[in-house]
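Trainee:
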Amino acid sequence: MLLHTEYRFYHRLLIATLLAWSLPALVFAQQVEVQVEGDYPSLQDNAEAFIGEVEGRSANSLRRYADTAENQIQDALRALGYYSPVIQWEVIEPPGEEEKPARLVLTVEPGEPVRVGSRRVEIQGAAREDSEFMGTLPQKPAEGDVLNHGEYSALRQTIQNRASRLGYFDGEFTTRKLEVDPEKRVADITLIYRSGERYRLGKVSFEEGHGFEEQLLERFVRFEPGETFHADKIARLNSDLSNSGYFSGVDVDASPGSAEDGVIPVKVGLTTRPPRSVSAGVGFSTDVGPRFRGNWREHWINPMGHSRGVETELSAPRQNLSTWYELPLDPPMTDSIRLSAGYQREDIEDVESELLTLGQQWKHQLDDGWQQLASLRWEGERFRIGDGDTEQSSLLLPGLGYSKLHADSPLDPSRGYRIQFDVTGSHRAALSNVDILHVNFLAKGLFTLADNHRFLTRFQFGGVATNRFSDVPPSLRFFAGGDQSVRGYGYETLSPRDDEDIALGGRFMMIGSAEYQYQFADNWRVAAFVDEGNAIDDLADPLATGAGLGIRWVSPVGPLRLDIAKGLDSEFGGEWRVHFSMGPEL
């Protein structure tokens, strides 16, 4: 029997296995050729990867190299459980005066593999009762499997990594043994791990010089002193502080070497970022044409972490300017109060409006991940529809909204969903000149099948109930059509119209969309889609349909979309249109 318990030759087997997993099949230099008989692509790849490139050798040099190559192939096959290969070689020299180099050809009969006869994996100590530690340990190599040294190493490494991640820093293998009998073609695995006690987290302390109140920083800490250690808790603290906008550098030290009686003190070093930043950019969409965006932000004003900013967006049909002041709450990563004021001017289709807003928003994240937004804002709007008279509205609008976004990637997700619902209202008894109940619902879904096939769906519904629709300002009416609505129709051209064909805006909006994308190259996709929807006064009114094809490029800043769509209902203004837009799918 041949006993393998952590010796030099085993490391060579491990290297060969890692090379087999990480490298594709290669065509090597003409001077060395490996031919594994039978259908064994993994053995072929591993042998070639282990030998590597061999060039510039004479026929005699290849003959001297043959024994080395044979040993390398044996090591490569042993890494995958084949301990008894039969290897034959010959050096082929080109006939006559041909300038082709000589070749060393090695023919390999793998033989019968070594299989796992027994597997004993035992966890001793406190981790044995820890469901997170014990759950879903790798099942391979299992009894009866062909021995794979890489799988054995992965099993062992998983146990070690899990112990470090969960805070079993005193853990060790008391037995770590892989016994292989090549003659009987049997391998026995024994791994016994003694975990020791799980470490705990101590008090979090912040190094001086950051300039913020300790009370604010303590709100970023989501764990209590005495909780069991988990690497994710430390990573989340680091991430929350880094994403706060206050710091350019964050260093969280939770080294087990500084523990006392199994309790690890957590020390945080912070580098404060410059307080102010300015950004500007230009963009384009077929809805509004070229546009300019500018942003000035003061990331922190005082030790309490208050912030403020000014934002503007300018395009031909729309210009706006807004300012805000934000106060962090507990926890500051998700909860805040924002005071805001803004001015917006629009001239779109048949509607001209000027809108002044003053408001407050309270943002709060619920335990189940839903984002709750409670708001109170005043809107004063002066507007004109078509050639009608200029009118004014004054509304005090309390509102409540809920939203949830789940995606496996923030920039280009492969699956996920977004759900958003909000309701606002006004009453004549509370500083408003019309009674309004306004609701909006949005749902988006994304699913990817077999890596390259993506399916996107979108549904949007809105409605407004009022005692006098003519007094509802355009900003609270519904219009449809455009890049993000129903493609094949102009931006906000879908709407009920009067006898003079003036778009008035609707009481309701319904939009549905289905899209299929196929990825034909890295970061490139083609798309086919169907949109249907309209802004209407009655839920039984007809909807407009658009369909088309497009192309998607996943740029470093997000997906760019170019669509060619045909509006299928000419009575609603449907025609061939080009749509260009950018932004996340969800």
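Residue numbers (the working numbering): -19 to 566. Positions of the beta carbon are idealized from the N, C-alpha and C atoms, including for glycine.
With DSSP as the reference, identify every bridge partner of Glu102, one or two as the case may be.
Mentor: Beta-bridge pairing links Glu102 to Ile172.
Trainee: Starting from Asp511, follow its DSSP beta bridges and name the residues at the other end.
Mentor: According to DSSP, which records beta bridges pairwise, Asp511 is partnered with Ser493, Gly526.
Trainee: Do Thr138 and Thr155 have their beta-carbon atoms positioned less than 8 Å apart in this structure?
Mentor: No, these two residues do not count as a Cβ contact at 8 Å.
Trainee: Can you tell me whether Val88 is buried or exposed, with buried defined as 16 or more other CB within 10 angstroms of its CB?
Mentor: By the 10 Å Cβ count, Val88 comes out buried.
Trainee: Mapping DSSP to helix, strand and coil, what is Glu35?
Mentor: Reduced to three states, the DSSP call for Glu35 is coil.
Trainee: Can you tell me where the beta strand (DSSP E) holding Asp402 begins and where it ends?
Mentor: Segment 396 to 406, the beta strand (DSSP E) holding Asp402.
Trainee: Pull the bridge partners of Tyr323 from the DSSP assignment, please.
Mentor: DSSP, once it has assigned bridges, lists Leu301, Leu336 as partnering Tyr323.
Trainee: Which complete beta strand (DSSP E) runs does the segment 82 to 135 hold, if anything under 3 residues is left out?
Mentor: 83 to 89, 95 to 104, all fully within the segment 82 to 135.
Trainee: Residues in the same chain with beta-carbon distance under 7 Å from Trp1, minus the five sequence neighbours each way, listed in chain order, please.
Mentor: Confidence in Trp1 is poor, its pLDDT being 42 and thus under 50, which makes the residue's placement unreliable; the coordinate value appears in the next sentence. Gly130.
Trainee: To the nearest angstrom, how far is it from the Cα of Trp69 to the Cα of Leu127?
Mentor: Whole-angstrom Cα-Cα distance: 26 Å.
Trainee: Would you mind stating whether Tyr498 and Val510 have Cβ atoms separated by less than 8 Å?
Mentor: The answer is no: Cβ separation not under 8 Å.
Trainee: Report yes if the C-beta distance between Ala569 and Glu177 is below 8 Å; otherwise report no.
Mentor: Because the chain spans -19 through 566 in this model, residue 569 falls outside it and cannot be assessed.
Trainee: Mapping DSSP to helix, strand and coil, what is Gln52?
Mentor: Reduced to three states, the DSSP call for Gln52 is helix.
Trainee: Within the continuous alpha helix (DSSP H) that includes Ser219, where are the two ends?
Mentor: Run containing Ser219: 211 to 222, per the alpha helix (DSSP H) assignment.
Trainee: Looking at C-alpha atoms only, which residue of Pro162, Asp19, Glu17 is the closest neighbour of Tyr62?
Mentor: The option with the nearest alpha carbon to Tyr62 is Pro162.
Trainee: Going by other Cβ atoms of all chains shown within 10 Å of its Cβ, with 16 needed for buried, is Met284 buried or exposed?
Mentor: So Met284 counts as exposed.
Trainee: Which residues in the same chain have their Cβ closer than 6 Å to the Cβ of Arg318, if we skip the five residues on either side of it in sequence?
Mentor: Same-chain partners within the cutoff: Trp304, Glu306, Gln341.
Trainee: Report the residue from Gly470, Asp431, Gly91 whose alpha carbon sits nearest the alpha carbon of Gly269.
Mentor: Measuring from the Cα of Gly269, the nearest candidate turns out to be Gly470.
Trainee: Gly339 and Leu356: beta carbons closer than 8 Å?
Mentor: Contact: yes.
Trainee: Whole angstroms is fine: what's the gap from Leu84's alpha carbon to Ile67's?
Mentor: Each residue's Cα considered, the two are about 12 Å apart.
Trainee: Considering only residues of the same chain and omitting the five flanking positions on each side of Val96, which have a CB-CB separation below 7 Å?
Mentor: Here the set comprises Pro121, Ala122, Glu123, Gly124, Asp125, Leu127, Ala167, Ile169.
Trainee: Just to confirm before moving on: does the CB-CB distance between Arg557 and Gly468 stay below 8 Å?
Mentor: Yes, they are a contact pair.
Trainee: Near Glu278, what residues of its chain come up, given a Cβ to Cβ distance below 8 Å and the 5 sequence neighbours on each side ignored?
Mentor: Cβ within range, chain order: Pro255, Arg256, Ser287, Arg288, Gly289.
Trainee: Here's the rule: buried if 16 or more other CB atoms are within 10 angstroms of the residue's CB, otherwise exposed. What is Trp280?
Mentor: With 16 or more Cβ atoms within 10 Å of its Cβ, Trp280 is classed as buried.
Trainee: For the pair the segment 410 to 423 and the segment 363 to 383, tell me if three or more CB-CB distances fall below 8 Å.
Mentor: Output reads yes: the segment 363 to 383 touches the segment 410 to 423.
Trainee: So what does DSSP say about Gln195, is it helix, strand or coil?
Mentor: Looking at Gln195 - three-state DSSP - the assignment turns out to be helix.
Trainee: Kindly indicate which residue of Pro476, Leu542, Val101 has the alpha-carbon position closest to the one of Leu523.
Mentor: If we check each option's Cα against that of Leu523, Pro476 comes out closest.
Trainee: Strictly by DSSP, which residues pair up with Met562?
Mentor: For Met562, which the question treats as bridged, DSSP gives the partners Leu540.
Trainee: Return helix, strand or coil for Thr266, following the three-state DSSP convention.
Mentor: If DSSP states are grouped into helix, strand and coil, Thr266 belongs with coil.
Trainee: How far does the beta strand (DSSP E) with Ile482 in it extend, from its first residue to its last?
Mentor: Premise fails: Ile482 is in no beta strand (DSSP E) and is neither H nor E.
Trainee: DSSP puts Phe421 in a beta bridge; with which residues?
Mentor: DSSP lists Phe401, Phe441 as partners of Phe421.
Trainee: According to DSSP, is Ser253 part of a helix, a strand, or is it coil?
Mentor: Sequence inspection shows Arg at residue 253; the Ser mentioned does not correspond to that position. In the structure shown, Arg253 sits in coil (DSSP, three-state: anything other than H, G, I, E or B).
Trainee: Kindly indicate the opening and closing residues of the beta strand (DSSP E) around Glu293.
Mentor: Glu293 -> beta strand (DSSP E) spans 287 to 295.
Trainee: Using C-beta distances below 6 Å, list every residue in its chain close to Asp110, excluding the 5 sequence neighbours before and after it, in chain order.
Mentor: Contacts found: none.
Trainee: Bridge partners of Gly360, per DSSP?
Mentor: Beta-bridge pairing links Gly360 to Leu336, Ser374.
Trainee: Bridge partners for Gln15 per DSSP, in chain order?
Mentor: BP columns for Gln15 point to Thr87.
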